[in-house]
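Under numbering that gives the first Met the number 0, the sequence shown has 99 at position 100, and the numbering climbs by one with no breaks. In what follows, a structure is listed as C-alpha cells, so that the remarks can point back to it.
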Amino acid sequence: MDGEDVVQEALFETYRKLDKFDDSRPLKPWLFRIAHNRCIDFLRKRGVRVEAESAAMSPDVVEPKEPGVLGLGQAVEHLVASLPPKERACVLLKDVFDYSPEEIAELVDSTVGGVKAALNRGRTKLAASPAPAKSSRSRNPELTR
0 MDGEDVVQEA LFETYRKLDK FDDSRPLKPW LFRIAHNRCI DFLRKRGVRV EAESAAMSPD
60 VVEPKEPGVL GLGQAVEHLV ASLPPKERAC VLLKDVFDYS PEEIAELVDS TVGGVKAALN
120 RGRTKLAASP APAKSSRSRN PELTR
C-alpha cells in the first residue's frame with residue numbers, strides 16, 4: 000500500500016514537472032531521480048530508515064557466518080543496511096543498473112569525482128563487512144510492510 004502511494008506521488012510530481020523536462024536528455028534517469036527522491040522523502044518522514052540503521056548497528060544475536068552465496072534479497076538487504084544513502088545509490092546504479100558515472104552524478108546531484116569516491120567507499124565497505132547471518136530475532140512488522 001505504501002509503495003503504491005509513493006508511486007502515485009512520483010507520477011503526480013512527474014506530471015507537474017513535465018513542462019520543465021529537457022527533451023534533449025534521456026527520460027529514464029529523470030524519472031528514476033524523481034521516484035528515488037520520493038522514496039527517500041517517504042522513508043525519512045516515516046522514520047523507518049533511522050530504526051533500520053539502529054537495528055542493523057546493534058544485532059541482538061551473533062551467529063556464525065554461514066558459507067555460501069547470499070540470495071538476491073539478502074544481498075540487497077545487506078547493501079541497504081550497511082551503506083549510507085549516497086553510497087548505496089551509487090553502487091546500485093553502477094553495479095546493478097550499469098549507469099555511467101556521468102548519469103549517476105546527475106541522478107544524485109553530485110560530480111563525477113564525487114560519484115567515483117562514493118563508489119570506492121561503498122565497495123570498500125561492502126567488501127570489508129561480513130555477510131549477514133540469518134537472524135532469529137523477530138522482524139518489525141512496520142519494516143516488513
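Cβ atoms here follow ideal geometry from the backbone N, Cα and C, with glycine treated the same way.
Quiz item: Quick one: what does DSSP say residue 107 is sitting in, helix, strand or coil?
Solution: On the sequence shown, position 108 is the one that residue 107 refers to. In the structure shown, residue 107 sits in coil (DSSP, three-state: anything other than H, G, I, E or B).
(message) What does the alpha-carbon distance come out to for the pair residue 95 and residue 18?
(response) As a working note, residue 95 is residue 96 in the sequence shown. As a working note, residue 18 is residue 19 in the sequence shown. Their backbone Cα atoms lie some 31 Å apart in a straight line.
- Item | residue 6 to residue 75 span [Cα, whole Å] | Stepping through the sequence shown from its first residue, residue 6 is reached at position 7. Stepping through the sequence shown from its first residue, residue 75 is reached at position 76. Computed Cα separation, rounded: 20 Å.
Smallest Cα separation from residue 80: which of 56, 14 and 42?
In the sequence shown, the residue the question calls residue 80 occupies position 81. It is 56.
_Cut-off 7 Å between Cβ atoms - residues of its own chain near residue 32, not counting five sequence neighbours on either side_ = Here residue 32 refers to the residue found at position 33 of the sequence shown. Within the same chain, residue 32 has close Cβ partners 106.
Going by DSSP in three states, residue 98 sits in which element: helix, strand or coil?
As a working mapping, residue 98 is identified with position 99 in the sequence shown. Residue 98: coil per DSSP, three-state reduction.
Margin query: Just to confirm, is the Cβ distance from residue 86 to residue 117 under 9 Å?
Written below: Within the sequence shown, the letter at position 87 stands for residue 86. Within the sequence shown, the letter at position 118 stands for residue 117. Yes, these two residues count as a Cβ contact at 9 Å.
**Item:** Secondary structure of residue 20, DSSP reduced to three states
**Value:** Taking the sequence shown and counting its residues from 1, the one referred to as residue 20 is at position 21. Coil.
Quick one: residues in its chain with C-beta nearer than 7 Å to the C-beta of residue 29, no 5 flanking neighbours on either side, listed in chain order?
Reading the sequence shown from its first residue, position 30 is the one you call residue 29. Around residue 29, the same chain offers 20 as residues with beta carbons nearer than 7 Å, after the five sequence neighbours per side are excluded.
task = Determine, using beta carbons only, whether residue 35 and residue 88 come nearer to each other than 9 Å.
result = For this step, residue 35 is matched to residue 36 along the sequence shown. For this step, residue 88 is matched to residue 89 along the sequence shown. Yes, Cβ-Cβ distance for residue 35 and residue 88 is below 9 Å.
Could you name the residues of the same chain whose beta carbon sits closer than 6 Å to that of residue 114, not counting the 5 residues immediately before and after it, in chain order? One-based indexing of the sequence shown puts residue 114 at position 115. Excluding positions up to five away in sequence, the list reads 89, 100, 103 and 104.
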